[in-house]
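In our numbering, the protein residues as written are 7 to 390. All C-beta atoms in this analysis are idealised placements derived from N, C-alpha and C, irrespective of residue type, glycine included. Here the structure is laid out as structure tokens; the discussion comes afterwards.
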Amino acid sequence: MKTRLTSNLLFGLAVASVLAVPAFADDAEPTAVSTSSPAVESKGPEVKFSGEVEFDAYTGDVINEDFKSHSYASTFDLNVDVKFNEKWSASAQLEADGETTDPAAIYNGAFVQFAPNEKFAVKFGDLTFSEGAFLNYYDYDDPADNAAGMAEHDIRGVEVDFNGLVFGIGFGRGDNDNKICVEEDGEETCVGVAYNLHLAYELGFGESTLRPYFDYKSYQEPKHNELHAGLEANLKFGGFGFHFVYGLHADNLKEDHPDATHAILAEPSLDLGMFNVKATVFFAAIDKKHPTVHDEEIPEYFFVYGEPGVKINDAIALGLPIEYHTRSTNKDDKLSTFDIGLRAYATPVEGLEITGFAMVDVPVGDDAGDDTALKFGLETVFAF
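Next up, the structure:
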């Protein structure tokens, strides 16, 4: 558009000059017509908006009168990316997320990035790190809540990326800006977050990657700290994929307890075009007397999930999930269930995903109750 306007302007000036020459021929010498282009104004920063919206609806147990219910979940993520030039850029995020139909929108972070080339970048501002997320199992795939390696840690600090190496350090923010309170000699003392250090290296070969990682969170007090370390592998060979995570979760490193948690996640998948299979096996060794469990980071100590699927066409697919869950992080609890159902996936256009499901939960553990449950749900996600 600017090229066309500039051409029209030059043409207009040229015609006006030619017509003006005869009119002033008797009074003055003709002057040369300038062919230089007018100065081009700077475009300024380039701004791009993107995001994702999810709205879900679920039923409780539709069979048993005492457990009939419905619930919701809603998420809205808005990203504003600003490009100043080829090396400098910035990003800001706004988020609304909650188990309701109208979650409140809040500031979710912003950072500035300097990237002189494709292999090196420095970010400073609000940053988020997570490791070893669940990829196949749909109910634990949000790293803000669950992860075999480490659920999301938010910091305000600096991150350096160099050829696969990630180094970040800063002060905890959001849910990561918490306090630890303990009782010693009859008195309760509380300490706050001092800093969070994150280190990871991603090694790629072909379509596969290996990623060792290390995260240390200090409360600026010798007896209170948090460590996550381990290895994540994403292996791909044609239509076969294998995701593996080993995660070490430890607190109070100079104390005898709580004891460390060791988590192992294995997720094979096979894609044959029309037919596909994906599975998840998760086990966490958690000490019974002195467990290390960070909120919902470790959702349960053991579960198995498998889902064979068939692709009807480019827009519709069906899956048959089969699951076994212990439903607890304590091995003494007898809350296990066997679950089976049907999942339907619809992607009518690019960027829009609709998932409907029906699940039957059969109690297996002695304390899981006697009633079989039937649940339904519908999840809708679109990106822009």
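Residue ranges of uninterrupted beta strand (DSSP E) with 3 or more members, entirely inside the stretch 235-322 and ordered along the chain, are 246-257, 267-277, 281-291, 308-317.
The criterion of a C-beta distance shorter than 8 angstroms is not satisfied by residue 321 and residue 315. Pairing residue 291 with residue 255 gives a Cβ-Cβ distance that is not under 8 angstroms.
In this structure, the alpha-carbon of residue 285 lies about 49 angstroms from that of residue 191. Residue state for residue 70 is assigned as coil, using DSSP reduced to three classes.
Residue state for residue 91 is assigned as coil, using DSSP reduced to three classes. Judged by pairs of C-beta atoms under 8 angstroms, the stretch 173-191 touches the stretch 148-160, as three or more such pairs exist. With at least 16 other beta carbons inside 10 angstroms of its own, residue 343 counts as buried. Taking a C-beta distance under 8 angstroms as the contact criterion, residue 380 and residue 67 qualify as a contact pair. Here the alpha carbon of residue 223 sits roughly 8 angstroms from the alpha carbon of residue 200.
The beta carbon of residue 77 lies closer than 6 angstroms to those of 64 in the same chain, with the five residues before and after it left out. Judged by their CB atoms, residue 351 and residue 371 are not nearer to each other than the 8 angstroms cut-off. Residue 330 sits in a strand when the DSSP states are folded into three classes. If you compare the alpha carbons of 186, 202, 203 with that of residue 195, the shortest gap goes to 186. Among the bridge pairs identified by DSSP, residue 231 is matched with 224. Residue environment for residue 209: exposed (fewer than 16 other C-beta atoms within 10 angstroms of its C-beta). Rounded to whole angstroms, the Cβ separation of residue 168 and residue 125 is 7 angstroms, and the two are in contact under 8 angstroms. For a cut-off of 8 angstroms, the C-beta gap from residue 154 to residue 138 is around 4 angstroms, short enough to register as a contact. Secondary structure at residue 143: coil, using DSSP grouped into helix, strand and coil. Taking the CA atoms as reference points, residue 226 sits about 19 angstroms from residue 205. For residue 163, the enclosing beta strand (DSSP E) has its first and last residue at 156-168. Taking a C-beta distance under 8 angstroms as the contact criterion, residue 249 and residue 273 qualify as a contact pair. Here residue 387 is bridged, per DSSP, to 60, 359. When 297, 357, 377 are compared, the shortest CA-CA separation from residue 74 is found for 377. Close CB contacts of residue 309 within its chain, under the 6 angstroms cut and outside five residues either way in sequence, are with 288, 331 (chain order).
Minimum Cα-Cα distance from residue 152 among the listed residues 163, 80, 355, 135 corresponds to 135.
For residue 190, the uninterrupted beta strand (DSSP E) segment begins and ends at 185-190. For residue 171, the enclosing beta strand (DSSP E) starts and ends at 171-178.
In the DSSP assignment, residue 129 falls within the beta strand (DSSP E) that extends over 126-137.
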